[in-house]
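Q: Would you mind keeping the following structure in view while I ask a few things?
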Amino acid sequence: MKVRMTVNGVPYEDEVEPRLLLVQYIRGMLGLTGTNIGCDTSSCGSCTVLFGGESVKSCTLLAVQGEGAEITTIEGLALPDGRLHPVQRAFRENHGLQCGFCTPGMVMAAVSLLNENPHPSAREVREGLEGNLCRCTGYHNIVEAVLAAARSEDLS
Amino acid sequence: MIPARFDYRRAGSVGEAVALLSEFPGAKLLAGGHSLLPLMRLRLAVPSLLIDIGPVSGLSYVRDEGDHLSVGALTRHRDLELSEVVRREAPVLSYAAGQVGDPQVRHRGTIGGSLAHGDPASDLPAVVLALDGTLVAEGPAGPREIPATDFFCGFLETAIGPDEVLTEVRLPKARGGWSFQKFNRRAQDWATVGVVAVAGDGRGTGPFRVALVNMGLTPLRAAAVEEAAAGGAGPAEAASRAAEGTEPPSDLNATAEFRRHLASVLVRRALEEAMAGERTVA
Ligand SMILES: Cc1cc2nc3c(=O)[nH]c(=O)nc-3n(C[C@H](O)[C@H](O)[C@H](O)COP(=O)(O)OP(=O)(O)OC[C@H]3O[C@@H](n4cnc5c(N)ncnc54)[C@H](O)[C@@H]3O)c2cc1C
Ligand code: FES
Ligand code: FES
């Protein structure tokens with residue numbers, strides 16, 4: 000079945016099986032492997048992408064449900080000249096990652112959170128990231144990073 | 000894991016979805032997909048055809064109808080969380096919608112899917128039950144109304160027919176005292192036990208309606224608690240009857256005995272909070 004969507008500003012049109020998950024389409028067919036798969040139960044959030052600007056778990060959508068959608072993955076956040084998105088920068092500056100596996104999903108969930116609530120409290124950040132699991136950091140520096148990004152002036 | 004093979008059709012209208020359901024008996028509707036797709040990935044559900052109602056326009060809305068709110072079946076949890084009308088006229092629904100899963104789940108999951116799925120561990124079915132809501136299902140013979148108290152028939156079983164689409168939920172306004180208590184072990188999880196309490200007369204005094212999450216095969220009204228509260232019992236006394244008529248499951252999260260205990264604790268907290276009167280959603 001044919002599906003058309005825009006991913007990181009680039010329009011795509013592909014023939015897919017209806018059972019293909021959006022995350023498999025993004026990774027396997029578009030080659031955007033920054034989006035990770037960490038579980039089989041829609042729990043870990045490492046597959047989080049923006050769907051029309053809002054965070055979703057791309058392992059829990061069919062690619063065909065993306066028909067006509069605007070998708071942003073971790074690869075689409077930095078500026079074309081390589082400058083990182085303020086949330087990416089804040090994760091680096093605040094040591095918001097260790098192994099980095101959860102990071103693309105965490106960053107996308109944080110971008111969505113800050114779109115909805117530009118000045119969250121620490122508690123609101125924790126609640127806003129409840130759909131994302133991290134096995135390394137203990138979350139503290141992730142929360143610090145998101146708060147720092149919220150304070151940074153150039154958050155568009 | 001990858002779901003087993005299935006065919007996929009998009010429905011542009013409720014009528015089209017009903018026609019497809021009538022034509023293909025092995026078909027299932029797909030709304031937000033956040034109950035169905037996880038089951039299909041584990042191959043616990045193997046529909047031959049998915050009818051995607053996501054593209055049906057005009058099924059996502061909240062309307063103020065005077066004494067009640069009408070909520071379209073495709074209204075997402077996130078929309079309920081944010082809706083000014085819901086926050087004002089039925090704050091318990093807005094608050095509970097904000098406690099479902101996590102933000103990613105709330106960006107996709109719909110109230111219609113939650114109700115049609117009929118999971119006793121889900122939050123919104125108990126809210127609709129406590130609010131004495133009415134559901135509207137549309138089939139080949141047109142729409143019909145189903146009171147929430149008749150809607151949940153068994154484990155993952157509802158009164159919706161195989162060729163019907165749930166289109167709307169009607170909820171009497173509930174501006175008075177309310178409470179939603181959800182006990183779980185991890186933030187994004189379903190409730191181990193949950194309790195909804197709302198004041199019936201909109202002023203924070205009884206009659207209170209109380210519903211239970213995950214205390215049986217369906218979401219339940221805590222009839223004994225309601226009766227005790229109506230008879231003048233305080234929160235603790237009424238709550239001591241919370242487990243009456245329930246059949247809670249034992250699973251990895253909790254034994255049935257622990258659930259009965261939790262129910263009485265959470266009902267007490269819920270009644271205390273609801274009896275304290277009107278409150279806005281934080
Ligand atoms: C990680 C995770 C955590 C979650 N945590 C919670 C939680 O804490 N509390 C909670 O309550 N829920 C939770 N959920 C479930 C979530 O709320 C689902 O979105 C919801 O239960 C189903 O809504 P949906 O729109 O996704 O339905 P779908 O998955 O699309 O459909 C569910 C079922 O209903 C049927 N259906 C859907 N719409 C209609 C309709 N209009 N008419 C007739 N039948 C219909 C479908 O055929 C299917 O059988 C969680 C889900 C996930 C993935
Ligand atoms: S891969 Fe774990 S939530 Fe999507
Ligand atoms: S940094 Fe390793 S899982 Fe989060």
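Just so you know, the sequences run in chain order E and B.
By numbering that gives the first Met the number 0, the letter at position 53 of the first sequence is numbered 52, and the numbering carries on one by one without gaps.
By numbering that gives the first Met the number 0, the letter at position 91 of the second sequence is numbered 90, and the numbering carries on one by one without gaps.
Each residue gets a CB set at the ideal place from its N, CA and C atoms; glycine is no exception.
Which residues mark the beginning and the end of the alpha helix (DSSP H) in which residue 150 of chain B is found?
A: Residues 147-150.
Q: Taking residue 78 of chain B as part of the alpha helix (DSSP H), name the residues at either end of that continuous run.
A: Residue 78 of chain B -> alpha helix (DSSP H) spans 76-81.
Q: Please identify, using Cβ separations under 8 Å, the residues of the region 89-107 of chain B that lie next to chain E, in order along the chain.
A: Listed by position along the chain: 100, 101, 102, 103, 104, 106 and 107.
Q: Which residue's Cα is closest to the Cα of residue 74 of chain B: B/51, B/31, B/91 and B/37?
A: Residue B/31 is the option with its Cα nearest to residue 74 of chain B.
Q: DSSP has residue 215 of chain B in a bridge; who is on the other side?
A: Answer is none; residue 215 of chain B lacks a bridge partner.
Q: Exposed or buried, what is residue 156 of chain E when buried is set at 16 or more other beta-carbons lying within 10 Å of its beta-carbon?
A: Look at the range of chain E in this structure, 0 to 155, and you will see that residue 156 of chain E is not part of it.
Q: Rounded to whole angstroms, what's the CA-CA distance from residue 215 of chain B to residue 185 of chain B? Just pull it up for me.
A: Going from the Cα of residue 215 of chain B to the Cα of residue 185 of chain B covers about 21 Å.
Q: Between B/165, B/141 and B/100, which lies nearest to residue 147 of chain B when the distance is taken from Cα to Cα?
A: Closest option to residue 147 of chain B, Cα to Cα, is B/165.
Q: Please confirm whether any heavy atom of ligand 3 lies closer than 8 Å to the CB of residue 180 of chain B.
A: Checking the Cβ of residue 180 of chain B against ligand 3 gives no.
Q: Could you check whether the Cβ of residue 159 of chain E sits closer than 9 Å to any Cβ belonging to chain B?
A: Since the first and last residues shown for chain E are 0 and 155, residue 159 of chain E lies out of range.
Q: Could you check what DSSP says for residue 74 of chain E in three-state terms: helix, strand or coil?
A: Looking at residue 74 of chain E - three-state DSSP - the assignment turns out to be helix.
Q: Relative to the alpha-carbon of residue 133 of chain B, which residue among B/111, B/96, B/273 and B/262 has its alpha-carbon at the smallest distance?
A: Of the candidates B/111, B/96, B/273 and B/262, the one whose C-alpha sits nearest the C-alpha of residue 133 of chain B is B/111.
Q: Return yes when at least one heavy atom of ligand 3 lies under 8 Å from the C-beta of residue 99 of chain E, else no.
A: Checking the Cβ of residue 99 of chain E against ligand 3 gives yes.
Q: Measuring only from the beta carbon, is residue 44 of chain E closer than 8 Å to any heavy atom that is part of ligand 2?
A: Yes, the beta carbon of residue 44 of chain E sits closer than 8 Å to at least one heavy atom of ligand 2.
Q: State whether the region 89-107 of chain E contacts the region 79-89 of chain B, with contact taken as three or more CB pairs (one from each stretch) at a distance under 8 Å.
A: As far as the Cβ criterion goes, the region 89-107 of chain E does not touch the region 79-89 of chain B, which means the pair count is below three.
Q: What first and last residue would you give for the alpha helix (DSSP H) that runs through residue 182 of chain B?
A: Unbroken run through residue 182 of chain B is the beta strand (DSSP E), 177-182; no alpha helix (DSSP H).
Q: Using a beta-carbon distance cut-off of less than 8 Å, what residues from the region 92-114 of chain E approach chain B?
A: Within the region 92-114 of chain E, the residues whose Cβ lies closer than 8 Å to some Cβ of chain B are 108, 111 and 112, listed in chain order.
Q: On the premise that residue 50 of chain B lies in contact with residue 16 of chain B, defined as a C-beta separation below 8 Å, what is that separation, rounded to the nearest angstrom?
A: Correct: roughly 5 Å between the Cβ atoms.
Q: If the cut is a Cβ gap below 9 Å, which residues of chain E does residue 5 of chain B touch?
A: Those within 9 Å of residue 5 of chain B in chain E are 17 and 18.
Q: At a cut-off of 8 Å, would you count residue 144 of chain E as near ligand 1, judging by its Cβ distance to the nearest heavy atom?
A: Answer for residue 144 of chain E: no, Cβ out of range of ligand 1.
Q: Look up residue 50 of chain B in the DSSP assignment and say whether it is helix, strand or coil.
A: It is a strand residue.
Q: Just verifying my parser: in three-state terms, what is the DSSP assignment at residue 54 of chain E?
A: Residue 54 of chain E falls in the strand class under three-state DSSP.
Q: DSSP three-state label for residue 257 of chain B, please.
A: In this structure, residue 257 of chain B counts as helix in the three-state DSSP scheme.
Q: Pair every Cβ in the region 123-142 of chain E with every Cβ in the region 67-84 of chain E, then say whether three or more of these pairs are closer than 8 Å.
A: No: fewer than three Cβ pairs fall under 8 Å.
Q: Verify the CB distance criterion: does residue 250 of chain B have a CB-CB separation below 9 Å to chain A?
A: The displayed structure is made up of protein chains E and B, and chain A is not among them.
Q: Which same chain residues end up closer than 8 Å to residue 105 of chain B when comparing Cβ atoms and leaving out the 5 residues on each side of it in sequence?
A: Excluding positions up to five away in sequence, the list reads 75, 76, 77, 80, 96, 97 and 99.
Q: Compare the C-alpha of residue 129 of chain B against each of B/63, B/53 and B/198 and name the closest.
A: The candidate whose alpha carbon is nearest that of residue 129 of chain B is B/198.
Q: Would DSSP call residue 209 of chain B helix, strand or coil?
A: Residue 209 of chain B falls in the strand class under three-state DSSP.
Q: At 3 residues or longer, what runs of the beta strand (DSSP E) sit wholly inside the region 56-142 of chain E?
A: Taking only runs of at least 3 residues, the beta strand (DSSP E) segments lying wholly in the region 56-142 of chain E are 69-71.
Q: Is residue 60 of chain B helix, strand or coil by DSSP?
A: DSSP places residue 60 of chain B in coil when its eight states are reduced to three.
Q: If you compare alpha carbons, which of B/67, B/58, B/119 and B/54 is closest to residue 170 of chain B?
A: Taking only the C-alpha atoms, the option nearest residue 170 of chain B is B/67.
Q: Name, please, each residue of chain B whose Cβ falls closer than 7 Å to the Cβ of residue 129 of chain E.
A: The answer, in chain order, is 101, 186 and 187.
Q: In three-state DSSP terms, what is residue 99 of chain B?
A: In the structure shown, residue 99 of chain B sits in coil (DSSP, three-state: anything other than H, G, I, E or B).
Q: State the CB to CB distance for the pair residue 263 of chain B and residue 238 of chain B, rounded to an integer number of angstroms; the pair is presumed to be in contact (CB under 8 Å).
A: Between residue 238 of chain B and residue 263 of chain B the Cβ distance is about 5 Å, and since that is below 8 Å, they are a contact.
Q: Do you know whose CA, among B/113, B/183 and B/176, lies nearest residue 155 of chain B's CA?
A: Ranking B/113, B/183 and B/176 by Cα distance to residue 155 of chain B puts B/113 first.
Q: Ligand 3 and residue 105 of chain E: does the residue's C-beta get closer than 8 Å to at least one heavy atom of that ligand?
A: Flag set: Cβ of residue 105 of chain E near ligand 3.
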